[in-house]
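Chains as they are written, first to last, in this note's numbering: chain V, 19 to 510; chain Y, 972 to 1460.
Note that the Cβ used here is the ideal one computed from N, Cα and C, for glycine as well.
Since the structure is predicted, the reported quantities are computational estimates derived from the model, not experimental observations.
Below is one structure, written out as structure tokens; comments come after it.
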């Protein structure tokens, strides 16, 4: 039965796409093949979701080597949320971004671009499904290396600097991660997550374990864009090809947060987290990011950089909620993880459309765009309002749970800070909307037309999901709440 | 065909949305489009009227969506919401008729967008009126802000944009910072957001938390234009007059005071609040707003701006009365929501009619205009009397009850404020009436002859003026509803 092998296929399909694509020639063919593979991956993710919803968590032993000796793929509710997100956004970006890629990537590099894209997807999926910390490192490297190359393909020479910067910092992060894994292995003699959970609890008070946690935390912190080790992120998002920015902003940092959840709560358990001051550090860093990054976003002159800083702020929300280390907090973190990925992908897809038509995305380029590109700018406006937290969108659902979690533990003051920072979001996003809707196109500006239909459909598909889950949030909230309960319950 | 009450609720809410869609589709054929607006508003009015006639104090509710687990978007009907819905849907019919005359005579641009958004704003207003819990109210409160924003900035000029920014900035930031915070806090304290007579807070919630919540609500619901968060209202006057009339004299601002009364009666609880020291801050601020706004109104040269400041002052009557926290004063607040609505919309209609017919917007230019536009200025005079609170107009009824409430609460400062503001109201409204009817036409005006405004506009403002008179002679139904809210029969 093929359905029992879905977990491995989920990784293999995009992974095998890469060598196939590298052998192909020509843009159209490689585009179609890559899109086909990614869409199949998305369908597999849906299949897995159905399996998990019906029968509970799925465990898959690679090559029939039983864990903990063999590598285990483990898929539960939290995993399927991430899988849906990664493969769904990847499909939307590829389906919608065809023309943009055609403009930004030269013909002869196109097959390589798609190969790298598929590798990246495979890496992120692998990080999500694997139940083995070293295997996770391998996938982390697959996704990181392909990201460096993808960022370097940006149209501008500055992309090379951005990619190089990311390469250096990202490698440091990965090294920290692997040191942490080494320390864990030293103390427990295993790399399987479930096995680690059981064995760590015996030695949790040793300094080695605490050091391991510190290394893992910082290593993953770099990957997920935690302030103050974030500085690769704005450059990478701003300089990468538009479609790559859209994909990365929606998925890459989110998967890193997911891994942090898995490792910090799944392996070490909530006890170590809260007793080691780490919880307070995470909360402090989260609050710092939501304020500082939002303020920085206000002063950006390029829309892509602005959204990149906004991402840092939103990661701050997630870190804050994660640091609360309560069931409500984790629910909020997981929910916002998903919701933010969806909103940011929409916003970056809209920027893709702008970049496609205008060749750049500075703030003043938005003047009067709503007249020329009504569908694009409406999607942008809805996603922007969602990010601010306007009711009937998922942004509001996120805010609600974040606030409820904050009240649960820290009370009013923090809740007020969260709301204040969502006003900052209004401050940095509103100028874009206002320029688009209420200014005139500058005199002598070239005539431009609406974005290609596929791109509009991709954006609006994401907007539709946004509003649907914003009005009726049962599905995501229940998944997130269950996942949070499992994480908290991992160690009593 | 008979519809169950909960279906009526849903249809009353959905009809304006359907109208908005149809108007957008029928855009190029303007007669068809405007006919849809009129028929749609009549249908909405019909549904609300059916609700009102069938309503007998039993709970009618309908869940729209499971918004968050444990929290639903829900409509339910209680007397206050019914009153608000009746006002909004009645005045929508009239202002649609008025707007057709106004928009065509002034050859405004983007009329399709205008009428579609207008209908959506009514849907949001009805959503507020029917809201069955605080979350639903908040959702439609925010929606109303966003939907009306393009109406405020309709002109598209830099000035309109600046005003729009003030409008959106104040309304969104207060509602996100204070209202939303208070709502989540309430949920955290009470575990529910349903509207329940006597409030939903538990015994454990201390007086200090209650006080903070109260203040957060009172200032967070900035649509009441309580100072210092009042600046959006004069700013919104850049909108076309029908928008100012329906939205910034009725729907938007009344949504604010409606929410305030709802929160006081159904969330925090009148009796609980009365036992909390410090709640007197709000009536003091409201009293200050009444006087300050009236003083500012005295100095206005522009008719619409004068009306805006008069609105700020009149809204604070409602807040003042509601926060005196006695049954009679709550009743006065509820009545004033209705009475002020019909009179203020008449004044705005009249201002717009003058602008349409004579292209005049400054008070100094109105000499003798009453002889050329007797219907318009006659209606204006009636409504002005109602603002001052003189018989035989609706304003007298509510002011009487408000005063009675202030006496009941032995709030002598409030009584003094009410008396002083009556004098001030007279001081800025009567000179306009005098000018219009008793001064001779200026030489410049004699050179530009004009008659009344277009027929639909005059018809609408005459009807609202008649309503203002009618509610003085037949206040029974409104009284009954107000009593039901105040006493919790």
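Would you kindly work out how many angstroms separate the C-alpha atoms of residue i and residue j, rounded to a whole number?
{"i": "residue 97 (chain V)", "j": "residue 361 (chain V)", "result": "20 Å"}
{"i": "residue 421 (chain V)", "j": "residue 207 (chain V)", "result": "41 Å"}
{"i": "residue 510 (chain V)", "j": "residue 345 (chain V)", "result": "Low local confidence applies: a pLDDT of 35 at residue 510 (chain V) is under 50, so the model's placement there is unreliable, and no value is given."}
{"i": "residue 1277 (chain Y)", "j": "residue 1271 (chain Y)", "result": "5 Å"}
{"i": "residue 1212 (chain Y)", "j": "residue 260 (chain V)", "result": "45 Å"}
{"i": "residue 223 (chain V)", "j": "residue 1114 (chain Y)", "result": "52 Å"}
{"i": "residue 1443 (chain Y)", "j": "residue 1348 (chain Y)", "result": "20 Å"}
{"i": "residue 304 (chain V)", "j": "residue 275 (chain V)", "result": "13 Å"}
{"i": "residue 31 (chain V)", "j": "residue 21 (chain V)", "result": "14 Å"}
{"i": "residue 1341 (chain Y)", "j": "residue 1394 (chain Y)", "result": "24 Å"}
{"i": "residue 307 (chain V)", "j": "residue 325 (chain V)", "result": "14 Å"}
{"i": "residue 508 (chain V)", "j": "residue 455 (chain V)", "result": "Summary for residue 508 (chain V): the model assigns pLDDT 48, below 50, so the residue's position carries little reliability, and this model does not support an answer."}
{"i": "residue 1119 (chain Y)", "j": "residue 257 (chain V)", "result": "38 Å"}
{"i": "residue 1313 (chain Y)", "j": "residue 979 (chain Y)", "result": "24 Å"}
{"i": "residue 392 (chain V)", "j": "residue 478 (chain V)", "result": "12 Å"}
{"i": "residue 449 (chain V)", "j": "residue 501 (chain V)", "result": "37 Å"}
{"i": "residue 411 (chain V)", "j": "residue 417 (chain V)", "result": "10 Å"}
{"i": "residue 993 (chain Y)", "j": "residue 982 (chain Y)", "result": "16 Å"}
{"i": "residue 1226 (chain Y)", "j": "residue 1217 (chain Y)", "result": "12 Å"}
{"i": "residue 1435 (chain Y)", "j": "residue 1057 (chain Y)", "result": "14 Å"}
{"i": "residue 1346 (chain Y)", "j": "residue 1042 (chain Y)", "result": "50 Å"}
{"i": "residue 997 (chain Y)", "j": "residue 1009 (chain Y)", "result": "13 Å"}
{"i": "residue 59 (chain V)", "j": "residue 156 (chain V)", "result": "20 Å"}
Going by other Cβ atoms of all chains shown within 10 Å of its Cβ, with 16 needed for buried, is residue i buried or exposed?
{"i": "residue 1359 (chain Y)", "result": "buried"}
{"i": "residue 250 (chain V)", "result": "buried"}
{"i": "residue 1285 (chain Y)", "result": "buried"}
{"i": "residue 132 (chain V)", "result": "buried"}
{"i": "residue 378 (chain V)", "result": "exposed"}
{"i": "residue 95 (chain V)", "result": "buried"}
{"i": "residue 358 (chain V)", "result": "buried"}
{"i": "residue 1460 (chain Y)", "result": "The predicted model places residue 1460 (chain Y) with a pLDDT of 49, which falls under 50 and marks its position as unreliable; any figure quoted below should be read in that light. With fewer than 16 Cβ atoms within 10 Å of its Cβ, residue 1460 (chain Y) is classed as exposed."}
{"i": "residue 48 (chain V)", "result": "buried"}
{"i": "residue 23 (chain V)", "result": "exposed"}
{"i": "residue 295 (chain V)", "result": "exposed"}
{"i": "residue 511 (chain V)", "result": "Nothing about residue 511 (chain V) can be read from this structure; chain V reaches only from 19 to 510."}
{"i": "residue 253 (chain V)", "result": "buried"}
{"i": "residue 2 (chain V)", "result": "The question about residue 2 (chain V) has no answer, for chain V in this structure spans 19 to 510."}
{"i": "residue 453 (chain V)", "result": "buried"}
For the ligand HEM, any of its heavy atoms closer than 7 Å to the Cβ of residue i?
{"i": "residue 256 (chain V)", "result": "Because no ligand of any kind appears in the structure shown, any question about the ligand HEM cannot be addressed here."}
Just to check my reading of the structure: residue i and residue j have Cβ atoms closer than 8 Å, yes? What is that Cβ distance to the nearest angstrom?
{"i": "residue 1166 (chain Y)", "j": "residue 1237 (chain Y)", "result": "4 Å"}
{"i": "residue 1098 (chain Y)", "j": "residue 1032 (chain Y)", "result": "Not a contact, Cβ separation roughly 14 Å."}
{"i": "residue 150 (chain V)", "j": "residue 211 (chain V)", "result": "7 Å"}
{"i": "residue 1101 (chain Y)", "j": "residue 1052 (chain Y)", "result": "6 Å"}
{"i": "residue 194 (chain V)", "j": "residue 237 (chain V)", "result": "3 Å"}
{"i": "residue 168 (chain V)", "j": "residue 57 (chain V)", "result": "Between residue 57 (chain V) and residue 168 (chain V) the Cβ distance is about 20 Å, and since that is not below 8 Å, they are no contact."}
(message) Closer than 9 Å between beta carbons: that is the criterion. Which residues of the segment 70-94 of chain V meet it against chain Y?
(response) Those would be none; no residue qualifies.
(request) Would you check if there are 3 or more beta carbon pairs closer than 8 Å linking the segment 1216-1232 of chain Y to the segment 1297-1313 of chain Y? (result) Taking 8 Å as the limit for Cβ pairs, the verdict is that the segment 1297-1313 of chain Y does touch the segment 1216-1232 of chain Y.
(message) Against chain Y, which members of the segment 396-426 of chain V pass a CB distance test of less than 9 Å?
(response) The segment 396-426 of chain V vs chain Y, Cβ under 9 Å: 403, 406, 407, 408, 409, 410, 414, 415, 417, 418, 419, 421, 422, 424, 425 and 426.
(message) Please identify, using Cβ separations under 8 Å, the residues of the segment 465-497 of chain V that lie next to chain Y, in order along the chain.
(response) Legend: CB atoms of the segment 465-497 of chain V lying less than 8 Å from CB atoms of chain Y belong to residues 489, 490, 491, 492, 495 and 496.
(request) Could you tell me whether the segment 335-352 of chain V touches the segment 363-379 of chain V, where touching means 3 or more Cβ pairs closer than 8 Å? (result) With contact defined as three or more Cβ pairs closer than 8 Å, the segment 335-352 of chain V and the segment 363-379 of chain V are not in contact.
(request) Inspect the CB distances between the segment 34-53 of chain V and the segment 121-139 of chain V and report whether three or more fall short of 8 Å. (result) With the cut-off at 8 Å, the segment 34-53 of chain V and the segment 121-139 of chain V touch.
(message) So, does the segment 1425-1443 of chain Y touch the segment 1360-1367 of chain Y, judging by three or more C-beta pairs under 8 Å?
(response) Of all C-beta pairs linking the segment 1425-1443 of chain Y to the segment 1360-1367 of chain Y, three or more are shorter than 8 Å, placing the two stretches in contact.
(message) What are the residues in the segment 1144-1162 of chain Y lying within 8 Å of chain V by C-beta distance?
(response) Going along the segment 1144-1162 of chain Y in chain order, one finds 1144, 1147, 1148, 1151, 1152, 1155, 1156, 1158 and 1159 with a Cβ nearer than 8 Å to chain V.
(request) Taking a Cβ distance cut-off of 7 Å, strictly less, list which residues of the segment 1174-1202 of chain Y are near chain V, in chain order. (result) The segment 1174-1202 of chain Y vs chain V, Cβ under 7 Å: nothing.
(request) Pair every Cβ in the segment 1133-1140 of chain Y with every Cβ in the segment 462-470 of chain V, then say whether three or more of these pairs are closer than 8 Å. (result) Touching, no, given that fewer than three Cβ pairs across the two stretches are closer than 8 Å.
(request) Below 9 Å between beta carbons is the criterion; list the residues of the segment 1098-1113 of chain Y that meet it against any residue of chain V, in chain order. (result) Residues passing the 9 Å Cβ filter: 1106, 1109, 1110, 1111, 1112 and 1113.
(message) Please list, in chain order, the residues of the segment 128-158 of chain V that have any C-beta partner in chain Y closer than 8 Å.
(response) Residues of the segment 128-158 of chain V with a Cβ closer than 8 Å to any Cβ of chain Y: none.
(message) Can you pull out the residues from the segment 426-440 of chain V whose beta carbon lies closer than 8 Å to at least one beta carbon of chain Y?
(response) Here the close residues are 426, 430, 433, 434, 437, 438 and 440.
(request) Could you tell me whether the segment 1119-1130 of chain Y touches the segment 1152-1163 of chain Y, where touching means 3 or more Cβ pairs closer than 8 Å? (result) The answer is no - the segment 1152-1163 of chain Y does not touch the segment 1119-1130 of chain Y, with fewer than three Cβ pairs under 8 Å.
(message) So if I threshold CB-CB distances at 9 Å, which residues from the segment 248-276 of chain V count as touching chain Y?
(response) The residues in question: there are none.
(request) Report yes or no: do the segment 1200-1209 of chain Y and the segment 1079-1093 of chain Y share at least 3 C-beta pairs separated by less than 8 Å? (result) No, the segment 1200-1209 of chain Y is not in contact with the segment 1079-1093 of chain Y.
(request) Please list the residues of the segment 328-344 of chain V that have a C-beta atom closer than 8 Å to any C-beta atom in chain Y, keeping them in chain order. (result) Flagged: no residues at all.
(request) Please name the residues in the segment 1310-1337 of chain Y whose beta-carbon is closer than 8 Å to at least one beta-carbon of chain V, in chain order. (result) Of all residues in the segment 1310-1337 of chain Y, none has a Cβ within less than 8 Å of some Cβ in chain V.
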